[in-house]
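Here's the structure, in structure tokens; my notes come after.
In the numbering used here, the protein residues as written are 1 to 276.
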């Protein structure tokens with residue numbers, strides 16, 4: 001069963017065609033990675049799927065329903081949420097409060113009840129707090145629940161952002177470079193968590209520059225170059241595709257270079273800092 005269907009998405013900025021006729025599908029429990037060199041259009045594609053940008057062409061379907069023109073908060077209510085390339089954390093709030101924010105979207109409170117903190121409001125607050133703690137336990141951040149988020153390590157903040165997205169009970173989760181800036185241990189923790197989320201039935205759409213991570217956890221890979229899809233398939237198929245290797249390296253190298261993670265070398269680190 002297809003949960004997310006992307007059909008012929010395209011967008012231009014000032015006459016420049018940033019993404020052109022890109023399509024793919026994701027099933028429940030599947031990890032689909034979108035990769036490509038710096039400037040390939042990956043984040044722009046994410047922005048169209050998640051309602052940040054309105055595409056010029058194409059459409060997005062969620063469980064068979066067209067959701068192309070819905071705003072991000074409406075998409076989130078339907079089960080499609082995302083994280084961002086740059087951390088969107090409330091640095092001065094506690095870790096627990098950051099997660100509780102994610103539950104507000106699903107709340108159906110009453111103005112007077114909230115204003116006077118009536119029993120119904122107190123019950124919802126206690127319920128949100130309990131659920132938030134359970135989510136923090138999944139990423140081993142429960143002991144940091146009452147700490148100010150700004151005091152956490154970068155890797156912990158990345159996990160916190162994913163957990164906050166999970167508070168909205170997504171069926172489709174878009175992760176934009178969840179391991180960027182993380183060390184090897186933090187990256188391993190994040191990719192294990194992503195695999196766990198997929199195993200629970202969530203469809204994961206991933207943009208990531210760490211090719212070792214991508215090849216390790218992806219079920220399916222879509223490759224963009226200059227806004228155009230140049231390849232698609234299983235990790236083993238994509239890693240040996242000459243067009244993919246040429247797009248990344250600019251020369252005709254052997255497929256083993258991609259498999260060995262050459263794209264995460266120092267000479268390519270700048271690709272993790274921007275996508276447009």
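Even glycine gets a Cβ: it sits at the ideal position worked out from N, Cα and C.
- In the three-state reduction of the DSSP assignment, residue 239 falls in the helix class.
- Annotation for residue 139: no alpha helix (DSSP H) segment contains it, and DSSP assigns it neither H nor E.
- Distance from the CA of residue 84 to the CA of residue 242, rounded to the nearest whole angstrom, comes to 30 Å.
- Under the three-state reduction of DSSP output, residue 171 falls in the coil class, being neither helix nor strand.
- At the C-beta level, residue 173 and residue 202 come within 7 Å of one another.
- Under the three-state reduction of DSSP, residue 179 is assigned to coil, being neither helix nor strand.
- In this model, residue 128 and residue 178 are separated by some 25 Å (Cα to Cα).
- Between residue 157 and residue 96, the CB-CB gap reaches or exceeds 7 Å.
- Our two residues, residue 189 and residue 100, have alpha carbons roughly 23 Å apart in a direct line.
- Note on geometry: alpha-carbon atoms of residue 51 and residue 59 lie some 11 Å from one another.
- DSSP places residue 161 within a helical segment (H, G or I) once states are collapsed to three.
- At a Cβ-Cβ threshold of 7 Å, residue 220 and residue 32 count as neighbours.
- By the neighbour-count criterion, in which a residue is buried when 16 or more other Cβ atoms sit within 10 angstroms of its Cβ, residue 13 is exposed.
- With a contact defined as Cβ atoms closer than 8 Å, residue 150 and residue 191 miss out at about 25 Å.
- According to the DSSP assignment, residue 22 belongs to the beta strand (DSSP E) that extends over 16 to 26.
- The alpha-carbon of residue 163 is positioned some 27 Å away from that of residue 38.
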